[in-house]
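**Q**
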Amino acid sequence: MKYFFALGAIASLCQSACALDNGPHTIAPTSRDNVVLTVQAPNGPLTFEHFEEKPGQIWTLNQVAGGYFEIHNDFGQFINCQQQAPRTCYTGDNPQSFLPEFQGDTNYELVEQGSGLFLRLSNDGTLQLAEWDQSIDEQFSLKRLQ
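FYI, the numbering for the sequence shown is -19 to -1, 1 to 127, going by mature numbering (1 follows the signal peptide of the UniProt record, and there is no 0).
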């Protein structure tokens, strides 16, 4: 029986990490239609706007150790979230790593390394880090671009 639990855990880990490729993606909240993660300028806040293939809407995922990914935009800046509540996310020069947890199709929950907090679409339309609450606002569609 332990064998099957171990096999299931390995399969789950592989599903989350193996299904994603390094490279350019859009990051769209599954709770809203036709919007993607957007930054207007370097060091700006992360919001969600209609996809127009403009700089600041395309995010490159690069896998690092342990199945975690660093995520940066066309400006070369990473997703950076504040260390104190409310943990609003901006872009910045210091990479934060996130573990994608597969939810089905192209949908993932993104968990920050170290804190265990989840990226979430907040009520004001920005990206934040917060405790897990099982809401759809914690799920994002990560679609690979050609």
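Glycine residues also receive a C-beta, built at the ideal position from the N, C-alpha and C atoms. Please read all numbers here as calculations on a predicted model, not as lab measurements.
Just mark residue 92 as buried or exposed, buried being the case when its beta carbon has 16 or more other beta carbons within 10 Å.
**A** Along the sequence shown, read from residue 1 onward, the residue named residue 92 stands at position 111. Looking at its Cβ environment, which holds 16 or more other Cβ atoms inside 10 Å, residue 92 is buried.
**Q** Output the distance between the C-alpha atoms of residue 114 and residue 80, rounded to the nearest integer angstrom.
**A** Residue mapping note: residue 114 aligns to position 133 of the sequence shown, counting from 1. Residue mapping note: residue 80 aligns to position 99 of the sequence shown, counting from 1. Rounded to the nearest angstrom, the two C-alpha atoms are 17 Å apart.
**Q** Whole angstroms is fine: what's the gap from residue 3's alpha carbon to residue 66's?
**A** Numbered from its first residue, the sequence shown carries residue 3 at position 22. Numbered from its first residue, the sequence shown carries residue 66 at position 85. Cα-Cα distance, rounded: 31 Å.
**Q** Here's a check: name, in chain order, each residue in its chain whose Cβ is nearer than 8 Å to the Cβ of residue -17, leaving out the five neighbours to either side.
**A** Position 3 of the sequence shown, counted from the start, is the residue given in the question as residue -17. Its pLDDT being 48, under 50, residue -17 is placed unreliably by the model, and nothing is read from it.
**Q** With residue 44 as the anchor, note down where its beta strand (DSSP E) starts and where it stops.
**A** Counted from its first residue, the sequence shown places residue 44 at position 63. Counting along the chain, the beta strand (DSSP E) containing residue 44 begins and ends at 40 to 44.
**Q** Keeping to the same chain, check which residues put their C-beta closer than 7 Å to that of residue 11; ignore five residues upstream and five downstream.
**A** As a first step, residue 11 is located in the sequence shown; it is residue number 30 there, counting from the start. For residue 11, where only same-chain residues beyond five positions count, the Cβ hits under 7 Å are 88, 117, 120, 121, 122.
**Q** Do we get a CB-CB distance below 9 Å when we pair residue 123 with the residues of chain C?
**A** Among the protein chains of the structure shown there is no chain C, as only one such chain exists.
**Q** From the DSSP secondary-structure annotation, give me the bridge partner or partners of residue 60.
**A** In the sequence shown, counting from the first residue as 1, residue 60 sits at position 79. DSSP output for residue 60 lists 72 as bridge partner(s).
**Q** Excluding the 5 residues preceding and the 5 following residue 111 in the sequence, name in chain order all residues of the same chain whose CB lies nearer than 7 Å to its CB.
**A** The residue you call residue 111 lines up with position 130 of the sequence shown. Only 68, 98, 99, 101 meet the Cβ criterion.
**Q** Express the C-alpha separation of residue 90 and residue 41 in angstroms, rounding to a whole number.
**A** Position 60 of the sequence shown holds residue 41. Position 109 of the sequence shown holds residue 90. Going from the Cα of residue 41 to the Cα of residue 90 covers about 17 Å.
**Q** Measure the alpha-carbon distance for residue 36 versus residue 21 and round it to whole angstroms.
**A** Position 55 of the sequence shown, counted from the first residue, corresponds to residue 36. Position 40 of the sequence shown, counted from the first residue, corresponds to residue 21. Using only the alpha carbons, I get a separation of about 8 Å.
**Q** What's the call for residue 33, buried or exposed, on a 16-neighbour Cβ count within 10 Å?
**A** On the sequence shown, residue 33 is found 52 positions in, with the first residue counted as 1. Burial call: exposed.
**Q** Note down the Cα distance separating residue 63 from residue 70, rounded to an integer number of angstroms.
**A** Against the sequence shown, residue 63 aligns to sequence position 82. Against the sequence shown, residue 70 aligns to sequence position 89. So the alpha carbons of these two residues sit roughly 6 Å apart.
**Q** Considering just the uninterrupted stretch of the beta strand (DSSP E) at residue 101, what are its terminal residues?
**A** For the purposes of this step, residue 101 is taken as residue 120 along the sequence shown, with counting starting at 1. Counting along the chain, the beta strand (DSSP E) containing residue 101 begins and ends at 99 to 102.
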